[in-house]
Each structure stands twice: as C-alpha cells, then as structure tokens.
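Asker: Supplied in structure tokens, the structure appears directly below.
There are 2 protein chains.
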Amino acid sequence: MKNFEYKNPTKILFGEGQIASLNNEIPENAKVMLLYGGGSIKRNGIYEQVKAALHQRDTVEFGGIPANPEYEILLKALNEIKEEKVDYLLAVGGGSVIDGVKFLAAAALYEGEEPWDILAKNIGRDVGLPFGTVLTLPATGTEMNSFSVISRAETKEKLGMSGLGLFPQFSILDPKVVHSIPKRQIANGIVDAFNHVMEQYITYPANANLQDRIAEGILQTLIEVGPKVMNDPTDYNAAANFMWSCTMALNGLIQNGVPGDWAVHMMGHELTALHQIDHARTLAIIGPNHYKYNFENKKEKLTQFGERVWNITEGTMDEKAQKAIEHTIAFYHQLEVPTKLSEYTENYKGSSQFIVDQFTKRGWTGIGERGDLTPDDVKKIVEMSY
Amino acid sequence: MKNFEYKNPTKILFGEGQIASLNNEIPENAKVMLLYGGGSIKRNGIYEQVKAALHQRDTVEFGGIPANPEYEILLKALNEIKEEKVDYLLAVGGGSVIDGVKFLAAAALYEGEEPWDILAKNIGRDVGLPFGTVLTLPATGTEMNSFSVISRAETKEKLGMSGLGLFPQFSILDPKVVHSIPKRQIANGIVDAFNHVMEQYITYPANANLQDRIAEGILQTLIEVGPKVMNDPTDYNAAANFMWSCTMALNGLIQNGVPGDWAVHMMGHELTALHQIDHARTLAIIGPNHYKYNFENKKEKLTQFGERVWNITEGTMDEKAQKAIEHTIAFYHQLEVPTKLSEYTENYKGSSQFIVDQFTKRGWTGIGERGDLTPDDVKKIVEMSY
C-alpha cells in the first residue's frame with residue numbers, strides 16, 4: 000500500500016426530505032446567492048423546496064450556469080457576489096453548477112487581478128467563501144470533493160483544480176431528485192461513476208486489499224442498481240444506492256494508497272471537446288479499449304475484477320481478464336450507451352490525430368498510472384475505439 | 000436506506016515514516032502536551048520518533064494513562080494542562096490514551112465546576128482543545144471518530160460520549176508500529192474491528208447495498224490479512240490493511256443509513272467489568288450466541304454474510320446462515336481467541352444474573368437494533384455463552 004493523506008470535511012445530509020435541513024446549515028444572517036443551471040429545478044419542484052428551506056434569508060439568484068461551466072458567465076456571477084456582498088453560496092444542480100460555485104467560492108476571496116490565475120497558476124484555492132450544495136444529478140462526485148473543472152471559450156481552455164477551500168461545507172443528497180432525471184442522464188451518471196472507480200482500481204496491483212474491496216463494492220452496487228434505476232427512477236432504494244455510489248466513487252476514499260490511472264478521462268475529455276459527446280459516453284468508448292491495449296500491465300487487476308465483480312469462475316487468468324472487459328461493454332450496452340466512436344459521429348476518422356496534437360501541444364509526453372503511455376499509444380487506443 | 004448525516008473532518012496521515020509529518024500538523028508555537036500510556040512507546044522507538052518530529056516545540060509530558068482511562072488520573076492531566084497553559088494535545092497510544100485525550104480536549108475548555116458532567120450530562124462536547132493522535136494499536140477506530148469511553152473507579156461508572164469537539168485534527172497511522180505489538184493484542188484488534196462491523200451489518204436488512212458491500216469488504220480484508228499479521232507482524236502490507244480496516248470499521252461510514260445493533264458490546268462491557276476479560280474477547284464470547292439467539296431476525300443478513308464473506312454456496316438459507324456463524328467462531332479460534340466464557344474464568348455461573356441486574360439498575364428495558372431484547376433475552380444469551 001502506498002502512503003497517503005486523506006481529509007474530507009464535507010457534511011453529507013442524505014435522504015428524502017433533507018432539503019429542508021438547509022435551514023440548519025446556512026447561518027440565519029447569511030447573504031445567500033442561490034446558483035443553478037438551465038432552470039430544470041423550477042420544473043421539478045426542487046427550487047420551491049430550496050426557497051422554502053431558506054426561509055427569510057436575504058437571497059439573490061444566479062441561474063444559467065451551463066454544462067462545462069463557462070468562465071465568462073461565472074465572472075458575471077462573481078461581479079454580483081461582490082456588488083451584493085454575498086457571503087454564502089448555495090449550488091443547486093449537477094456537476095457543472097457545483098464546479099462553477101467552487102470556482103466562485105475561491106474567486107470571491109481572491110485578491111489578484113485575474114481570477115483565471117486561480118486555475119492557471121494554482122493559487123488562491125486554500126480559502127473560499129463558505130458554500131453548500133443540493134445535488135440534482137448523481138454522477139461526478141463533486142458534491143463531496145474539492146475538484147472543479149472550468150472551461151473558457153475565449154481561449155479554448157478547460158482547466159481542473161483542487162484545494163482545501165473547495166470542499167462544500169455541506170451537500171444535500173435527496174434520492175427523490177432522481178425521479179425527474181431523463182433516462183439518458185441517469186445512464187451517464189452510472190457510467191461516469193463506474194469509470195471513476197475503474198480509473199482508481201484497474202491499475203497495477205498495490206496491495207491495498209481494503210481499497211480494492213471498496214472499489215469492487217461500488218462497482219457491484221452500480222451493476223446491481225443501475226438497470227433498476229434506469230427502469231424505474233422512482234425506485235427509492237435503487238436511486239439512493241445509485242446516488243451514494245456516485246459520491247463514494249470520487250470522494251477520495253478509494254484513491255487512498257493506490258495508483259490512479261485517469262488516462263481514460265484524459266482521452267475522453269478530448270472526444271467531448273472535438274465531437275461534443277457526453278463526458279460519460281466518451282469513457283464508455285475509450286475505457287474498454289484502454290484495458291485491451293494495456294492488457295499485460297493491467298491483467299492482474301482485470302482478472303480480480305472479473306472474478307469478484309462479474310463472478311467469472313472459468314478459464315485462465317487471461318481469459319477471465321478478457322471476459323471482464325466484455326462484461327463491462329455489455330453493461331454499458333444494457334444502459335443503452337454505445338461504445339464505438341462511429342456510433343456517435345460520422346467524422347470520427349481524424350480523432351486520433353486531433354488528440355495526439357492536443358496532447359503534444361500541452362507537452363504531455365506520457366500519461367496513465369505509470370506516466371508511460373506515449374502519444375503514439377494514445378493514437379492506437381483512440382483508433383481501436385472507432 | 001435510512002436517512003443519515005455524515006461528517007468526519009479528521010485528517011489521516013497513513014504509512015511508513017508519517018510520524019515525522021507531525022511537524023506539519025501542529026502549530027510551531029503550540030504549547031504541546033504529549034500523552035501516553037504505560038510507557039511501551041519508550042521501548043519500541045515511537046517516543047523518539049515523536050520527540051524528533053516535535054522539534055523545538057515547548058512540550059510537557061503526561062504518561063501513565065491506563066487501559067479503561069480513569070477519570071481521577073485524567074483530572075491530574077487536566078490540572079497540568081491548565082497550569083502549563085497547554086494549547087495542543089498529542090495522544091500517542093491506543094484506544095485508551097486517545098479516548099482519555101478526547102475527554103481532556105473537552106474538559107480543558109469546559110467552564111463548569113465538575114468535568115464529569117461532560118460525560119454524565121451531555122454538555123461541553125462541541126468544542127475542545129485541538130488534538131492529534133499517533134496510533135500505536137489498531138483496534139478501536141477512535142483515531143477517526145468522535146467517540147470516547149471514560150471510567151470512574153470511585154463510582155464504578157463507565158460512560159461513553161461523542162461530540163463535534165472530539166474528532167482528532169489529525170491521526171498518524173504508521174503500520175510499522177504493528178511490529179512490536181504482542182500477538183494477543185493483534186488478535187484483540189482483529190476481533191474488535193470485526194465485531195464493530197458486525198454490529199452495523201448483521202441486523203435486519205435496510206436496502207443499503209453499498210454500505211453492505213463496504214462492510215463485507217472490511218470483514219473479508221480482516222479475514223484475509225488477520226492470520227498473516229498474527230503470523231508475521233513485520234509483513235508491511237498485511238499490517239497496513241489490518242490498520243486501515245480497523246479505522247474504517249468505526250469511522251461512521253458503514254453506519255450511514257443502516258440500523259446499529261450494539262447489543263453484543265453492551266453485554267460484553269459487563270463481562271469485562273465483572274471478570275476483567277479483554278474487551279475484544281468478550282465480543283467473541285457473546286457475538287456468535289447473540290446471532291444464534293436472534294437467528295430469525297438476523298438470518299437474511301447472516302445468509303448474505305455466509306454467501307459473500309465466507310463463500311458458502313451450498314445449503315438452504317438457514318443452513319448457510321448457521322454455517323456463517325460457525326465460520327466466524329472458527330475464525331476467532333484461528334486467532335487463538337477462545338469463545339466460551341468458561342474458558343476465561345471458573346466463576347462464570349453468576350454472570351447472566353449480574354448482567355441482568357446491571358441492566359435493570361440502569362433502567363435498560365430493551366437493547367439491540369430494535370430495542371426489543373429484554374433482560375430475560377440477555378440472560379439467555381449470556382448463558383448460551385458459558
């Protein structure tokens with residue numbers, strides 16, 4: 000097991016009716032900014048619940064934070080935070096809204112001239128305005144970590160960051176929000192969480208028995224409840240287990256003491272940028288081919304994954320590992336998520352060169368758990384995914 | 000799944016050499032009190048590592064905190080904390096030292112006349128002096144929770160408490176400390192952690208699929224690495240997985256959204272009080288008989304436990320559940336932990352009536368996950384354990 004440090008101070012309030020608990024978590028005299036996305040919260044009743052829970056608190060609103068939260072839009076919110084002397088942020092939404100609010104929390108206290116430097120220069124992340132979240136879309140795990148990814152159209156940049164000031168003070172997870180999520184988004188959430196685990200689990204072995212078991216437990220739960228919640232999003236226990244699995248997949252716990260790969264995410268991000276394919280779906284496209292390409296390096300964990308998660312008992316180690324990949328692809332298909340790039344776009348052919356060019360432009364000479372996947376390896380993996 | 004709230008702000012520093020990280024966690028200008036137990040840390044090199052890591056910090060020491068930390072002794076430490084104007088506590092030890100320091104953290108800021116009221120009247124626990132821990136004996140999980148149990152010989156009381164002020168700021172878990180732990184104590188740690196999981200897992204079903212999987216993962220890991228670490232405490236990976244499993248067994252995570260039983264602990268505590276049997280061993284005595292006695296109520300989870308943790312594939316549900324109990328007993332025996340009260344004392348016969356009398360004196364009419372185990376049930380379970 001590798002050495003690790005772990006601290007996660009976010010308070011989770013989980014379950015039906017917990018939105019009302021907002022009232023206990025935000026100071027009564029706070030000046031609150033309520034931030035949200037495209038407005039679905041006004042159609043599904045979540046907005047009304049949040050407003051009721053805020054009672055008489057002095058509140059301003061900022062809606063319209065888009066998927067892949069955009070810097071220029073966030074700057075408008077930042078301006079309003081300062082003008083209105085807001086001292087508490089409340090994100091009501093999915094990963095994009097919450098990520099955007101994390102940036103705003105840091106930016107509100109940042110004294111430099113250019114808030115983009117928080118992302119570009121790794122500064123100003125240790126403190127932030129206090130903020131909480133009401134999660135409306137289980138998927139990214141951002142509700143219980145300090146990661147955030149912000150996009151900037153002007154410069155075509157998309158940068159990630161983390162820092163002590165970026166943990167939500169609290170996050171409210173009410174599985175009833177799953178009722179009104181479109182099936183396609185539920186599938187995305189399942190695949191996203193599944194791949195978050197895979198990036199921390201399908202690596203070289205690290206003698207972290209317990210972390211492996213927990214990773215396997217999250218995968219098993221997603222396999223168990225994923226199709227149920229797709230079939231009936233009002234199945235409360237299925238929705239609750241789906242929601243908690245998404246949070247646990249990326250709250251830092253299973254990363255403790257083990258290597259992280261994250262190459263699938265790095266390739267997937269480029270497919271989203273190039274073809275506007277949903278993030279989770281790019282992971283379903285790249286992931287299985289990444290495992291096939293790096294089979295020798297990953298086959299011990301793939302075999303363990305096959306035996307423990309997919310209950311494969313027959314065959315040699317190599318056969319079990321191969322079957323585990325096939326089962327994973329079949330699972331994505333069961334969730335109605337295609338796994339070939341050509342199923343998403345006709346213009347797939349230049350994708351591998353585009354990605355290699357992007358990586359080269361950024362100076363990335365090696366990615367993955369050992370940092371030894373070259374641009375040429377990446378090219379081949381992407382082409383296997385056509 | 001039941002609703003839950005979860006927050007655990009303790010920072011974990013895990014791995015070989017982490018004791019040196021003390022230097023980054025405790026303010027340089029802190030006035031530190033270093034607290035420890037019987038002095039084994041001076042024989043195994045941990046004391047020297049801690050002193051070196053504290054560098055030039057102004058430090059006073061308080062040794063001699065006994066197993067079942069005693070109120071009268073803690074009052075002496077409290078006096079010294081106040082006289083010396085100590086503002087940071089550092090517990091170097093196992094569960095008793097850390098539990099004692101949690102009490103002192105609260106007591107140091109308590110303004111009432113009688114510090115015992117913190118325990119007896121549930122007050123003064125929300126704030127405490129900052130404190131950190133260096134864990135020397137994996138078992139109780141106290142290094143990453145806010146629970147503490149304090150004894151008072153004068154009044155024959157033993158009271159538990161928890162509170163927001165009782166979380167360690169940091170805990171250092173260096174698996175190398177396991178090298179010098181006597182085999183008997185390692186066995187106790189494994190059995191203690193195993194039973195912490197069982198109290199939160201072998202209950203009525205609660206549709207908490209992920210929590211069940213994580214609980215099963217901890218049990219499987221303890222089964223896997225327990226005998227290895229008993230056999231060779233210098234096996235670093237076995238020790239590391241043992242240590243992290245003990246922490247994860249009682250840091251609140253697997254209790255989220257599920258019922259807790261804790262009846263085995265309540266009966267076990269009385270056996271320790273009456274016969275001075277090690278805490279963990281009382282759990283090995285009572286646990287299996289508790290499951291046998293409450294078989295109908297617990298058989299769904301016992302069957303799941305048998306199938307998933309012990310890999311039992313043959314037989315009816317009842318047979319699998321019974322076999323799971325037998326496997327558990329065999330595991331305790333493999334760790335050289337006897338499971339009958341009569342193997343610990345000749346004077347076992349009055350134990351059931353003693354426990355019933357104690358429970359009655361305290362007004363406990365029903366215990367367990369449903370609060371429906373009567374003193375008469377308790378009497379029968381204890382007698383099954385003779």
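Listed in order, the protein sequences are those of chains A and B. Mapping to numbering that gives the first Met the number 0: the first sequence position 363 is 362, numbers consecutive. Mapping to numbering that gives the first Met the number 0: the second sequence position 263 is 262, numbers consecutive. Every residue gets a Cβ at the ideal spot worked out from N, C-alpha and C, and that includes glycine.
1. Does any residue of chain B bring its CB to less than 9 Å from the CB of A/Gly131?
2. CB-CB under 7 Å to A/Val336, same chain, minus the five flanking residues each way: which ones, in chain order?
3. Which same chain residues, not among the five before or five after B/Asn445, have their C-beta less than 7 Å away from its C-beta?
4. Could you name the residues that DSSP lists as bridge partners for B/Met212?
5. Return helix, strand or coil for B/Ala90, following the three-state DSSP convention.
6. Looking only at its chain, what residues have a beta carbon closer than 6 Å to the beta carbon of B/Lys227, apart from the 5 residues adjacent to it on each side?
7. Does A/Thr135 come out as helix, strand or coil in the three-state DSSP assignment?
8. According to a CB-to-CB cut-off of less than 7 Å, which residues of the stretch 219 to 252 of chain A neighbour chain B?
9. Check whether the stretch 209 to 227 of chain B and the stretch 158 to 175 of chain B touch, using three or more Cβ-Cβ pairs below 8 Å as the test.
10. For A/Ala119 and A/Gly267, I'd like the C-alpha separation in whole angstroms.
11. Going by beta carbon distance, what residues of the same chain come within less than 6 Å of B/Leu270, once the five residues before and after it are set aside?
12. Rank A/Glu306, A/His278, A/Gly131, A/Thr359 by C-alpha distance to the C-alpha of A/Thr338 and give the top, closest one.
13. Rounded to whole angstroms, how far is the Cβ of A/Ala248 from the Cβ of A/Ile217, which I believe are closer than 8 Å?
14. Compare the C-beta of A/Thr9 against all C-beta atoms of chain B and say whether one is closer than 9 Å.
15. With a threshold of 16 other CB atoms inside 10 Å of the CB of B/His54, please say whether the residue is buried or exposed.
16. How would you call A/Pro26, buried or exposed, if buried means at least 16 neighbouring beta carbons within 10 angstroms?
17. For chain B, is any of its Cβ atoms less than 9 Å away from the one on A/Ala394?
18. Taking the alpha helix (DSSP H) that B/Pro65 belongs to, which residues open and close that run?
19. Could you tell me the alpha carbon to alpha carbon distance between A/Glu142 and A/Ala90, rounded to whole angstroms?
20. Answer with yes or no whether the minimum CB distance from B/Gly259 to chain A is below 9 Å.
21. Could you run through the stretch 10 to 28 of chain B and flag, in chain order, every residue whose CB is less than 9 Å away from some CB of chain A?
22. Listing by chain order, which chain B residues have their CB less than 8 Å from the CB of A/Tyr5?
23. Report the start-end ranges of each alpha helix (DSSP H) in the stretch 251 to 275 of chain B that is 4 residues or longer and not cut off at the edges.
24. Using a Cβ cut-off of 7 Å, pull out every chain B residue sitting near A/Ile213, in sequence order please.
25. Three-state secondary structure (DSSP) at A/Asp277?
26. Does DSSP classify B/Phe122 as helix, strand or coil?
27. Can you round the beta-carbon distance between B/Gly131 and A/Phe3 to whole angstroms, since I take them to be within the 8 Å contact cut?
28. Cutting at 6 Å between CB atoms, please list the residues of its own chain near A/Thr58, excluding the five before and the five after it.
29. Would you say the stretch 81 to 90 of chain A touches the stretch 151 to 158 of chain A, given that touching needs at least three Cβ pairs under 8 Å?
30. Measuring CA to CA, which of A/Glu306, A/Ala320, A/Cys245 is closest to A/Tyr292?
31. Considering only C-alpha positions, which residue in the set B/Arg42, B/Thr364, B/Thr139, B/Ile285 is nearest to B/Asp375?
32. In this structure, what does DSSP give as the bridge partners for B/Thr58?
33. What are the boundary residues of the alpha helix (DSSP H) that includes B/Thr9?
34. Between the beta-carbon of A/Gln48 and the beta-carbon of A/Ala29, is there less than 9 Å?
35. For A/Asn255 and chain B, any beta-carbon pair shorter than 9 Å?
36. Does B/Val49 come out as helix, strand or coil in the three-state DSSP assignment?
Answerer: According to the structure shown:
1. no
2. Ala186, Val190, Arg280, Ala283
3. The question about residue 445 of chain B has no answer, for chain B in this structure spans 0 to 385.
4. Checking the displayed sequence, the identity of residue 212 of chain B turns out to be Arg instead of Met. Paired residue(s): none; B/Arg212 is not in a bridge.
5. strand
6. Asp234, Ala237
7. coil
8. Gln219, Thr220, Glu223, Val224, Asn236, Ala239, Asn240, Trp243, Ser244, Met247
9. no
10. About 21 Å.
11. Ile276, Thr281
12. A/His278
13. 5 Å
14. yes
15. exposed
16. exposed
17. The structure shown does not extend to residue 394 of chain A, since chain A is modelled only from 0 through 385, so no value can be given for it.
18. Premise fails: B/Pro65 is in no alpha helix (DSSP H) and is neither H nor E.
19. 10 Å
20. no
21. Lys10, Ile11, Leu12, Phe13, Gly14, Glu15, Gly16, Gln17, Ser20
22. Lys10, Ile11, Phe13
23. 262 to 274
24. Here the neighbours are Ile213, Gly216.
25. coil
26. Looking at the sequence shown, residue 122 of chain B is not Phe but Ile. Coil.
27. 17 Å between Cβ atoms; not a contact.
28. So the list reads Val31, Leu33, once near-sequence residues are dropped.
29. no
30. The residue with the shortest Cα to Cα distance from A/Tyr292 is A/Ala320.
31. B/Thr364
32. B/Val31
33. Judged by DSSP secondary structure, B/Thr9 falls outside any alpha helix (DSSP H) and instead within the beta strand (DSSP E) spanning 3 to 13.
34. no
35. It does; some Cβ of chain B falls within 9 Å.
36. helix
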